[in-house]
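**Student:** My questions will all concern the structure given below.
Residue numbers (the numbering used here): 317 to 631.
Here it is in structure tokens:
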């Protein structure tokens, strides 16, 4: 916390932008320190329509319990929320036990391996996840599921620190399901770890994602907002403010009317703050000040101070 507080306002925004990127695209890239390796964590959404009866029942219970837990949190019922958290832990433990039994089989269900492997990844049981992935075979799976297997293999390679092999399987995943965003999002994050070296590859990837994305075919949780914001933040943290501004503006254009109605106000303000910071760093201080006034308009004092702490023009 002390190191963050010592940063300039513009640098603080860069840190918050990285965190926001992770919220939007589900990928966090962490430095392992002395090892010199990066550690990637990926948000995996557990599918509800795959696996044996026991696996599907477990997944349904996980989702049902999560819904009840969030309901308790919204109501401020800490006792109920704690109870649901404990039940969540018990369900995840059941997932580990069930996967261990599946792995003991000579011919395990491929769908069980996929779903239960993901559950164990979520709980940090990466050893079981990796065992499951190594037993996966996409030979008898539909194309969309083959794409997903390749995506999980890529995640597995990242756990082993093999970024090059991960990129190869992410490319295979994208080729099989070109309208899906997850492989491209993870690719951008892996390439972004050496941004200047891989800048053109990142631009090529996001250009291809724009071309291939089809919201009618894609049923995942992301939109082009996620890669736009991630690339904007990569440019911002590499001090290319003109390019960062362009991608923040693209991200802003992806916030739909529905999102605005259901609570995208903070995100809209944060994207505009990024644009204001770009204006400021490019020397357009009057333009930056005018946009920042719009960003903070109508905010309560505490919230306004949070935005001020991230604005490059704050003295």
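Don't be surprised by glycine CBs; every beta carbon is placed ideally from N, CA and C.
Compare the beta carbon distance of residue 596 and residue 502 with 9 Å and say whether it is the shorter of the two.
**Tutor:** On the chain shown, position 280 is the one that residue 596 refers to. On the chain shown, position 186 is the one that residue 502 refers to. No; because the gap between Cβ atoms is not below 9 Å, this pair is not in contact.
**Student:** Do the CB positions of residue 525 and residue 500 come within less than 9 Å of each other?
**Tutor:** Numbered from its first residue, the chain shown carries residue 525 at position 209. Numbered from its first residue, the chain shown carries residue 500 at position 184. Residue 525 places its beta carbon less than 9 Å from that of residue 500.
**Student:** Within its chain, find whatever has a CB closer than 8 Å to the CB of residue 522; leave out the 5 residues flanking it on each side and keep chain order.
**Tutor:** The residue given as residue 522 occupies position 206 in the chain shown. These residues qualify, in order along the chain: 500, 504, 543, 544, 547.
**Student:** What's the C-alpha gap between residue 618 and residue 514?
**Tutor:** Mapped onto the chain shown, residue 618 falls at position 302. Mapped onto the chain shown, residue 514 falls at position 198. Cα-Cα distance, rounded: 39 Å.
**Student:** Let me know if residue 379 comes out buried or exposed under the rule of 16 or more other beta-carbons within 10 Å of its beta-carbon.
**Tutor:** The sequence position of residue 379 within the chain shown is 63, counting from 1. By the 10 Å Cβ count, residue 379 comes out exposed.
**Student:** For my contact list, residue 561 and residue 591 are in at a C-beta cut-off of 8 Å; report their separation, rounded to the angstrom.
**Tutor:** Here residue 561 refers to the residue found at position 245 when the chain shown is read from its first residue. Here residue 591 refers to the residue found at position 275 when the chain shown is read from its first residue. Contact flag correct, Cβ pair sits at about 6 Å.
**Student:** Can you check the stretch 564 to 619 for any alpha helix (DSSP H) of at least 4 residues that lies completely inside it and give the ranges in chain order?
**Tutor:** The qualifying runs are 573 to 577, 581 to 597, 601 to 612.
**Student:** What's the gap between the Cα of residue 573 and the Cα of residue 341?
**Tutor:** Along the chain shown, read from residue 1 onward, the residue named residue 573 stands at position 257. Along the chain shown, read from residue 1 onward, the residue named residue 341 stands at position 25. Low confidence applies here, because residue 573 scores a pLDDT of 49, under 50, leaving its location unreliable; read the following figure in that light. So the alpha carbons of these two residues sit roughly 20 Å apart.
**Student:** Is the CB-CB distance between residue 558 and residue 598 below 9 Å?
**Tutor:** As a working note, residue 558 is residue 242 in the chain shown. As a working note, residue 598 is residue 282 in the chain shown. Yes, these two residues count as a Cβ contact at 9 Å.
**Student:** Can you check whether the CB of residue 422 is closer than 9 Å to the CB of residue 400?
**Tutor:** For the purposes of this step, residue 400 is taken as the residue at position 84 of the chain shown. For the purposes of this step, residue 422 is taken as the residue at position 106 of the chain shown. Not in contact: residue 400 and residue 422 (Cβ atoms no closer than 9 Å).
**Student:** Under the rule that 16 or more other beta-carbon atoms within 10 Å means buried, what is residue 335, buried or exposed?
**Tutor:** As a position in the chain shown, residue 335 is number 19, starting the count at 1. Exposed, since its Cβ has fewer than 16 Cβ neighbours within 10 Å.
**Student:** Return the chain-ordered list of same chain residues with a C-beta closer than 8 Å to the C-beta of residue 416, the five sequence neighbours on each side being excluded.
**Tutor:** Here residue 416 is taken as the residue at index 100 of the chain shown, counted from 1. Excluding positions up to five away in sequence, the list reads 444.
**Student:** What is the rounded straight-line gap between the Cα of residue 396 and the Cα of residue 358?
**Tutor:** Taking the first residue of the chain shown as 1, we reach residue 396 at position 80. Taking the first residue of the chain shown as 1, we reach residue 358 at position 42. So the two alpha carbons sit approximately 28 Å from each other.
**Student:** What's the C-alpha gap between residue 628 and residue 550?
**Tutor:** For the purposes of this step, residue 628 is taken as the residue at position 312 of the chain shown. For the purposes of this step, residue 550 is taken as the residue at position 234 of the chain shown. So the alpha carbons of these two residues sit roughly 17 Å apart.
**Student:** What ranges does the beta strand (DSSP E) occupy inside the stretch 520 to 545, keeping only unbroken runs of at least 3 residues that lie completely in it?
**Tutor:** none
**Student:** Roughly how many whole angstroms lie between the Cα atoms of residue 462 and residue 472?
**Tutor:** Numbered from its first residue, the chain shown carries residue 462 at position 146. Numbered from its first residue, the chain shown carries residue 472 at position 156. Answer to the nearest angstrom: the Cα atoms are 15 Å apart.
**Student:** Answer with yes or no whether the minimum CB distance from residue 462 to chain B is below 9 Å.
**Tutor:** The structure shown has no chain B; it contains just one protein chain.
**Student:** Residue 362 and residue 446: beta carbons closer than 9 Å?
**Tutor:** Taking the chain shown and counting its residues from 1, the one referred to as residue 362 is at position 46. Taking the chain shown and counting its residues from 1, the one referred to as residue 446 is at position 130. Going by C-beta atoms, residue 362 is not nearer than 9 Å to residue 446.
**Student:** I think residue 488 touches residue 466, with their Cβ atoms under 8 Å apart; what is that distance to the nearest whole Å?
**Tutor:** Taking the chain shown and counting its residues from 1, the one referred to as residue 488 is at position 172. Taking the chain shown and counting its residues from 1, the one referred to as residue 466 is at position 150. With 8 Å as the limit, residue 488 and residue 466 qualify as a contact, their Cβ atoms being about 5 Å apart.
**Student:** Rounded to whole angstroms, what's the CA-CA distance from residue 479 to residue 449? Just pull it up for me.
**Tutor:** Here residue 479 refers to the residue found at position 163 of the chain shown. Here residue 449 refers to the residue found at position 133 of the chain shown. Spanning the two alpha carbons is a distance of roughly 17 Å.
**Student:** Assuming the contact rule is C-beta atoms closer than 8 Å, residue 413 and residue 452 should be a hit. Round their C-beta distance to whole Å, please.
**Tutor:** In the chain shown, counting from the first residue as 1, residue 413 sits at position 97. In the chain shown, counting from the first residue as 1, residue 452 sits at position 136. Residue 413 to residue 452, Cβ: 20 Å. No contact.
**Student:** Confirm, please, whether the CB-CB distance from residue 403 to residue 381 is below 9 Å.
**Tutor:** Here residue 381 refers to the residue found at position 65 of the chain shown. Here residue 403 refers to the residue found at position 87 of the chain shown. Yes, the pair counts as a contact, with Cβ atoms nearer than the cut-off.
**Student:** Looking at residue 433: is its Cβ nearer than 9 Å to the Cβ of residue 468?
**Tutor:** Position 117 of the chain shown, counting from 1, holds the residue named residue 433. Position 152 of the chain shown, counting from 1, holds the residue named residue 468. Closer than 9 Å, so yes.
**Student:** Using the three-state DSSP reduction, which class does residue 486 fall into: helix, strand or coil?
**Tutor:** Mapped onto the chain shown, residue 486 falls at position 170. Residue 486 falls in the helix class under three-state DSSP.
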